[in-house]
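Participant: The listed protein sequences derive, respectively, from chains A and B.
According to the numbering used here, the first sequence is numbered sequentially starting from 561.
According to the numbering used here, the second sequence is numbered sequentially starting from 21.
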Amino acid sequence: MQPIIKVTRLTYYYDSLPTLDNISFTVGKGDFLGIIGPNGAGKTTLFQCMLGIVGDYKGEINLFGSDIKQNKKILQKIGYVPQKKSVEQTFPATVKEIVSLGVIGMKNRSDDIDMAIDFVELGSYRNKRIGELSEGQQQRAIIAKALAKQPELLILDEPTTGIDSATQERFYDLLTKLNKDKGITIVWSSHDMNAVERLANKVACIDRKLFFHGQSEDFFGNEERMKSYVEFAMQSHMNLHFGNKINGKDKLETK
Amino acid sequence: MLFDILQYGFMQRALLSGIAISIMCSIVGLFLVLKRHSLFGDALAHVAFGGIALGLFTGIYPILTAYVVAILSAVGVNKLRESTKIPPDSSIAVLLTSGLAIGVILISISGGFTLDLFSFLFGNILLVSNEDLIMILITDAIVVSIIYVLYKRLMLIVFDENQAKVSGLNVTWINTLFIVLASITIIASIRLVGVLLISSLIVIPNITALLLGKGFKKTIFISCAISVFSVVFGIVASYYVNLVPSGTIVLTMVSMFIVTIIVKNMRFRLKKIVVTK
């Protein structure tokens, strides 16, 4: 079966430093892929390349069989939840208005908007301004916006950072429901290793280079592998911050 | 009282153009305020001042030169900001000061202020001619119609540019179009309150409406209502009390803003007392 996402030899430089270095992986239909990596590992940049926000990368990214650079229409099949950012309290849009932004250019989708709001359990807040909601509720509203267009793929970039643990748990339940009940393929980056181990069936560990990509249990069930990942991440950061300056080139090696 | 002054042609033109300008400025202004570009209107007006001075200096219709100079500068500065990652407020400062500098140099070369230039600086809605009125109404129709069509797209861009890109919107194109619309709105509005007070029309009705805590659409309607009321009240009051219309309009808006803050605070305290009891 054709993969939903196929990333081949993806490399991206920012200010002459490699943010992503020769990364390749695939994601199949119905997969729940957890992407882990320390701060500055390139997770957000990877998503930005996959979504066409950043275009000057090397390598190939195929989504649903099409090159994202050639065919922007495939974005209609993708819901995106960016890194949590607090919305200003005075931002005037209501939850319903925000969710309706997910179906711009699509006609007669008011039922989908209402269903998405109900799905994330914000029905009683639909006419409230998004800035008046708690951070967890705001993030659920953004998910509802992504769900309103009934996406086949949902990409979430560290959506629970800074959110309390009880709200995080509700959020994880929601993601599981989306993956299991609705069959939505999910690609999700997180620092919460326990949650990734629990929720995701596949895992990718990156720190500018791809260290591991495969079944979740093959990573979390292998203590040696996890240990060498930590060493890899530390080595990678040492090289980034000191190696380049000393030797004039990046010395990062994948284990 | 209102019907008496409507007998005068200049007053009819003043009120009609004032209402059209206030609606246009409120709608464009909400997006500028939410983008944190509140002073963009001020900067554009200063560039327009340079354009007006250029028109008066060269003998070309000043509003025309103001349009050309303001649109080119606004698009140029937007590109500069995007390509060099200069913070928005700094790029606005560059726009503002360079426009004023050009204006001052041209004025000094041409021998100082003229009556025309003075009316551009402080506005004089009572001097609106039939041609000016037609131009203002056409500009209003164009700006409001385009924003009506792009309303949701602009809302998404203001909310989160990256999400707008992922939704497949051509963010650069829409931003450029919006900047052009903002430029022509500012130039068309100079007659009402002048270069120096233009940002009041962009900012004050919108921050007042934002205080009231309603949805996006309602905020636009409330902002328009505040702006239209201030303009009509300001023009009529200035006629009877013999004040400058532009200053009266702006002070009416400021008064409504202050009253809104006071009422909001009183309601908040009242709620607190009720909850405590």
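Every residue, glycine too, gets a C-beta built ideally from N, C-alpha and C.
Check each residue of the region 168-187 of chain B: if its Cβ is closer than 8 Å to any Cβ of chain D, include it; give the result in chain order.
Facilitator: The chain inventory of the structure shown lacks chain D, comprising the protein chains A and B.
Participant: Look up A:S749 in the DSSP assignment and say whether it is helix, strand or coil.
Facilitator: On the first sequence, residue 749 of chain A is found 189 positions in, with the first residue counted as 1. Residue state, collapsed to three classes: strand.
Participant: Please classify B:I158: is it buried, with 16 or more other beta-carbons within 10 angstroms of its beta-carbon, or exposed?
Facilitator: Sequence index remark: in the second sequence, residue 158 of chain B carries index 138 (1-based). Label assigned to B:I158: exposed.
Participant: Which chain B residues are close to A:L640, counting only those with a beta carbon under 7 Å from its beta carbon?
Facilitator: The residue given as residue 640 of chain A occupies position 80 in the first sequence. Before going on, a small fix: residue 640 of chain A reads as Tyr here, not Leu. Neighbours of A:Y640 on chain B, chain order: Q183, V186.
Participant: Helix, strand or coil for A:Q698? Go by DSSP, reduced to three states.
Facilitator: The count along the first sequence starts at 1 and reaches residue 698 of chain A at position 138. In this structure, A:Q698 counts as helix in the three-state DSSP scheme.
Participant: Would A:A653 count as contacting chain B if we go by Cβ distances under 8 Å?
Facilitator: By 1-based counting over the first sequence, the position of residue 653 of chain A is 93. With 8 Å as the cut-off, A:A653 counts as an interface residue toward chain B.
Participant: May I ask you to list, following chain order, the residues of the region 610-641 of chain A that have a beta carbon less than 8 Å from some beta carbon of chain B?
Facilitator: Those residues of the region 610-641 of chain A that come within reach of chain B (Cβ to Cβ, closer than 8 Å) are L611, G612, I613, K632, K633, L635, Q636, I638, Y640.
Participant: Beta-carbon separation of A:V587 and A:I621 under 8 Å?
Facilitator: Residue 587 of chain A sits at position 27 when you count from the first residue of the first sequence. Residue 621 of chain A sits at position 61 when you count from the first residue of the first sequence. Against a cut-off of 8 Å, the Cβ pair of A:I621 and A:V587 comes out as no contact.
Participant: For B:F77 and B:L137, I'd like the C-alpha separation in whole angstroms.
Facilitator: By 1-based counting over the second sequence, the position of residue 77 of chain B is 57. By 1-based counting over the second sequence, the position of residue 137 of chain B is 117. Rounded to whole angstroms, B:F77 to B:L137 spans 11 Å at the Cα level.
Participant: Figure out for me which residue from A:G615, A:I595, A:S626 has the closest Cα to the Cα of A:I565.
Facilitator: The residue given as residue 565 of chain A occupies position 5 in the first sequence. Ranking A:G615, A:I595, A:S626 by Cα distance to A:I565 puts A:S626 first.
Participant: Between B:L52 and chain A, is the shortest Cβ-Cβ distance under 8 Å, so that the two count as touching?
Facilitator: Along the second sequence, one-based indexing puts residue 52 of chain B at 32. Taking Cβ atoms only, chain A never reaches closer than 8 Å to B:L52, which makes this a no.
Participant: Could you tell me which residues DSSP pairs with B:L120 in its beta bridges?
Facilitator: Sequence index remark: in the second sequence, residue 120 of chain B carries index 100 (1-based). Looking at the DSSP assignment, B:L120 forms no beta bridge with any residue, so it has no partner.
Participant: What did DSSP end up calling B:V264 once you bin it into helix, strand or coil?
Facilitator: Here the question's residue 264 of chain B lines up with position 244 in the second sequence. Three-state DSSP puts B:V264 in coil, outside helix and strand.
Participant: Go to B:L76, then tell me how far its alpha helix (DSSP H) extends in each direction, as first and last residue.
Facilitator: What you label residue 76 of chain B is simply residue 56 of the second sequence in a count that begins at 1. 60-78 is the extent of the alpha helix (DSSP H) around B:L76.
Participant: Straight-line CA distance for A:R686 to A:K656?
Facilitator: As a working mapping, residue 686 of chain A is identified with position 126 in the first sequence. As a working mapping, residue 656 of chain A is identified with position 96 in the first sequence. Spanning the two alpha carbons is a distance of roughly 5 Å.
Participant: Check this for me: beta carbons of B:I127 and B:A73, under 8 Å apart or not?
Facilitator: The count along the second sequence starts at 1 and reaches residue 127 of chain B at position 107. The count along the second sequence starts at 1 and reaches residue 73 of chain B at position 53. Yes. Within cutoff.
Participant: List, in order along the chain, the chain A residues whose C-beta lies closer than 9 Å to that of B:K234?
Facilitator: The count along the second sequence starts at 1 and reaches residue 234 of chain B at position 214. Residues of chain A passing the Cβ test: P652, T654, R689.
Participant: Measuring only between beta-carbons, confirm whether B:T239 sits less than 8 Å from chain A.
Facilitator: Along the second sequence, one-based indexing puts residue 239 of chain B at 219. So, interface residue.
Participant: Look at the Cβ atom of A:Y640, then the Cβ atom of A:I715, and state whether they are nearer than 8 Å.
Facilitator: Here residue 640 of chain A is taken as the residue at index 80 of the first sequence, counted from 1. Here residue 715 of chain A is taken as the residue at index 155 of the first sequence, counted from 1. Closer than 8 Å, so yes.
Participant: In chain B, which residues lie with their C-beta within 8 Å of the C-beta of A:I606?
Facilitator: The residue given as residue 606 of chain A occupies position 46 in the first sequence. Rather than Ile, the amino acid found at residue 606 of chain A in this sequence is Leu. By Cβ distance, chain B contributes nothing, its closest Cβ being about 14 Å from A:L606, past 8 Å.
Participant: Can you give the Cα-Cα distance for B:V178 and B:V223, rounded to whole angstroms?
Facilitator: As a first step, residue 178 of chain B is located in the second sequence; it is residue number 158 there, counting from the start. As a first step, residue 223 of chain B is located in the second sequence; it is residue number 203 there, counting from the start. Each residue's Cα considered, the two are about 16 Å apart.
Participant: Starting from A:D581, trace the alpha helix (DSSP H) both ways and give me its first and last residue.
Facilitator: Translated into the one-based positions of the first sequence, residue 581 of chain A becomes position 21. Not the alpha helix (DSSP H): A:D581 falls in the beta strand (DSSP E), residues 577-587.
Participant: One question on the structure: do B:V88 and B:G70 come within less than 8 Å of each other, judged by their Cβ atoms?
Facilitator: Residue 88 of chain B sits at position 68 when you count from the first residue of the second sequence. Residue 70 of chain B sits at position 50 when you count from the first residue of the second sequence. The answer is no: Cβ separation not under 8 Å.
Participant: Any chance the region 255-268 of chain B sits against the region 41-53 of chain B, with 3 or more Cβ pairs inside 8 Å?
Facilitator: No contact exists between the region 255-268 of chain B and the region 41-53 of chain B.
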